[in-house]
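A quick write-up on the structure given underneath.
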Amino acid sequence: MMRKRVYLFFIFIIVLAFFAGNLSEPKYLNQGIDFINGKIGIKIPSFWNIPFRLGLDLQGGTHLVYEADLSQIEKQEYSSAMQGLRDIIERRVNLFGVTEPVVQTQETSSHYRLVVELAGIKDPAQAIQMIGQTPFLEFREQKTEEETEQILVQRKELEGKTFEEMQEIENWQIGLQDPYFNSTSLTGQYLKKAELGFNENTGSPLISLQFNDEGAKIFEDLTSKNVGKILAIYIDGVPISTPVVQEKISGGKAQITGSFTIDEAKELVRNLNAGALPVPIKLISQQSVGPILGKISLEQSLKAGILGFLAILLFMIIFYRIPGFFASLVLSIFVFIVLAIFKLIPVTLTLAGIAGFILSMGMAVDANILIFSRMREELKEGKGFLISLQEGTRRAWPSIRDGNFTTILVALILFIFGSGFIKGFSLTLIVGNLVGMFSAIFITNNFLKCLIFPKIEKIKWLL
1 MMRKRVYLFF
11 IFIIVLAFFA
21 GNLSEPKYLN
31 QGIDFINGKI
41 GIKIPSFWNI
51 PFRLGLDLQG
61 GTHLVYEADL
71 SQIEKQEYSS
81 AMQGLRDIIE
91 RRVNLFGVTE
101 PVVQTQETSS
111 HYRLVVELAG
121 IKDPAQAIQM
131 IGQTPFLEFR
141 EQKTEEETEQ
151 ILVQRKELEG
161 KTFEEMQEIE
171 NWQIGLQDPY
181 FNSTSLTGQY
191 LKKAELGFNE
201 NTGSPLISLQ
211 FNDEGAKIFE
221 DLTSKNVGKI
231 LAIYIDGVPI
241 STPVVQEKIS
251 GGKAQITGSF
261 TIDEAKELVR
271 NLNAGALPVP
281 IKLISQQSVG
291 PILGKISLEQ
301 SLKAGILGFL
311 AILLFMIIFY
321 RIPGFFASLV
331 LSIFVFIVLA
341 IFKLIPVTLT
351 LAGIAGFILS
361 MGMAVDANIL
371 IFSRMREELK
381 EGKGFLISLQ
391 EGTRRAWPSI
401 RDGNFTTILV
411 ALILFIFGSG
421 FIKGFSLTLI
431 VGNLVGMFSA
441 IFITNNFLKC
451 LIFPKIEKIK
461 WLL
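Under the UniProt record's numbering, the first residue of the sequence shown is numbered 1, with each subsequent residue one higher.
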């Protein structure tokens, strides 16, 4: 019964290896299918051909850096504003079908920046257009007559002066402010959705806004304290509508009316729903990674992976002989399974991700080495091969478990708190470690139990 179970599992491994191998590289199987179809005139369907997802450094693309203007919000809100900005930009580029965009925030001294990497987008102008089309929506409340008068007087005093001359005037910064409206905390960050509508009397297009719960509360407070005053609606710093508040408005609904056409209103609704920015952003850096450079990186990465793989095979066969040879076969299956998983998830492969995969390959071999070392100790005591293999696996398991689980734990922390390349490295390392433990404990063991015959078992130096 035990022997039957071993052989059934062996067949399962062979089938798994076949599917994983052809999923990771279906070219040769599909060529064979095409040859058979041509010879016997039937239509056998081709095997799945799922491409790998390659990151910016492997296939080329565009790297953009934006600086966020946080001058109009409180310091304690910086973090939430940047997180909202990141989420909105990511949602925005996803609407254009960009594969796995990398959007992350950076804080350097007093500067808050947004880094956007768009793999496969070779034209920086196209990438800038994707992000630049996202409008910045804000509501501004009317200033008092005294504030407006003070700013206009100061502005008149600054007219015709150089920047150095301006700085000699007391409170010169006041003259640079908007003389009529103050910024408020109600921005596109709180927008739930925008819809196109039409004025019942004139038939002109208007845009209905619906805020989330937090935005609805802010809007209610704003309308409550500005009854009889103008509450201006700005998009990208331009006043679109300047309605007068008649009464406190609850429910978080507002309307934008203005002199725009139906097409302009539709475009504005689409862009607002794609993500109204919580703070303005300015492009400060752009870089295009060409496909040739990406191709060179990919070729060098593959070369490093193949050389590492061959070095491991050579080491295992020289030092562990027959078990090492079977472990090398299992390592090939390990590679096929991991690559197939990368395609199915799918994982965006970067240079850092490939490094994590190669590292997990080494850890998979390390598990085999621990088992074989313990097995040899059992063989030296005169025990049979199968018993030595079982005891070696049992004794090595705690070390394999602890080593891999601690690595997976650290990789999980990196994945949760890291970003960009760090996430790619940690994800491939986690997948590789899990598959590595499975291959060492189950697949290698099963291969040795099925394929080590009694005659080979008697030649001790081969073990």
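C-beta: ideal position from N, C-alpha, C; glycine also.
Start-to-end residues for the alpha helix (DSSP H) that takes in residue i
i	result
Gln-390	385 to 417
Val-431	421 to 438
Leu-158	145 to 158
Asn-445	445 to 451
Cβ-Cβ distance between residue i and residue j below 7 Å
i	j	result
Thr-62	Leu-118	yes
Ala-216	Leu-272	no
Ile-207	Ile-128	no
Glu-141	Thr-108	no
Val-279	Ala-81	yes
Gly-424	Gly-353	yes
Phe-52	Leu-429	no
Lys-192	Phe-211	yes
Asn-433	Asn-404	yes
Leu-114	Gly-188	no
Ser-285	Val-65	yes
Ala-355	Ile-400	no
Phe-326	Ile-317	no
Leu-29	Phe-47	yes
Met-375	Leu-386	no
Ser-328	Leu-313	yes
Gly-290	Gly-60	yes
Val-269	Leu-186	no
Same chain, Cβ closer than 7 Å to residue i, five either side skipped, listed in chain order
i	result
Glu-220	Lys-248, Ile-249, Ser-250
Ile-240	Ile-233, Tyr-234, Ile-256, Gly-258
Ala-340	Ala-20, Leu-23, Ser-24
Ser-439	Val-330, Ile-333, Phe-334, Ala-364
Asn-182	Arg-140, Glu-141, Lys-143
Ile-262	Pro-205
Gln-106	Arg-113, Val-115
Residue i, enclosing beta strand (DSSP E) - first and last residue
i	result
Lys-193	191 to 198
Ile-233	231 to 235
Ile-169	Unbroken run through Ile-169: none, as it is neither H nor E.
Val-365	That residue, Val-365, is in no beta strand (DSSP E); its alpha helix (DSSP H) goes 351 to 380.
Gln-142	137 to 142
Thr-261	From DSSP, Thr-261 is part of no beta strand (DSSP E); its letter is neither H nor E.
Contacting residues, own chain, Cβ-Cβ under 8 Å from residue i (five flanking each side not counted)
i	result
Gly-308	Ile-358, Met-361, Gly-362
Lys-4	none
Lys-383	Glu-391
Thr-406	none
Val-347	Arg-53, Ile-341, Gly-353, Gly-424, Leu-427, Thr-428, Val-431
DSSP bridge partner residues for residue i (one or two, in chain order)
i	result
Val-289	Gly-61
Glu-107	Tyr-112
Ala-119	Gly-61
Leu-329	According to DSSP, Leu-329 bridges with nothing at all.
Phe-211	Leu-191
Val-238	Ile-235
Val-244	Ile-230
Ser-24	Ser-24 is not bridged to any residue.
Ile-281	Ala-68
Asn-182	Glu-141
Gln-255	Ser-208
Val-102	Glu-117
Thr-202	Paired residue(s): none; Thr-202 is not in a bridge.
Gly-348	One point to set straight first is that residue 348 is Thr, not Gly, in the sequence displayed. Beta-bridge pairing links Thr-348 to Arg-53.
Own chain partners of residue i with C-beta closer than 6 Å, once the 5 adjacent residues on each side are dropped
i	result
Ile-422	Leu-414
Leu-54	Leu-349
Trp-172	Met-166
Phe-372	Tyr-320, Pro-323
Ser-288	Thr-62, Pro-124
Lys-282	Glu-67
Gly-305	Ile-358
Phe-18	none
Asn-49	Pro-26
Check: residue i C-beta below 6 Å from any heavy atom of the ligand GTP
i	result
Phe-198	Ligands in the displayed structure: none, and consequently the ligand GTP is not present.
(message) My parser needs the beta strand (DSSP E) runs of 3 or more residues fully inside the region 28 to 86; what are they?
(response) 61 to 68
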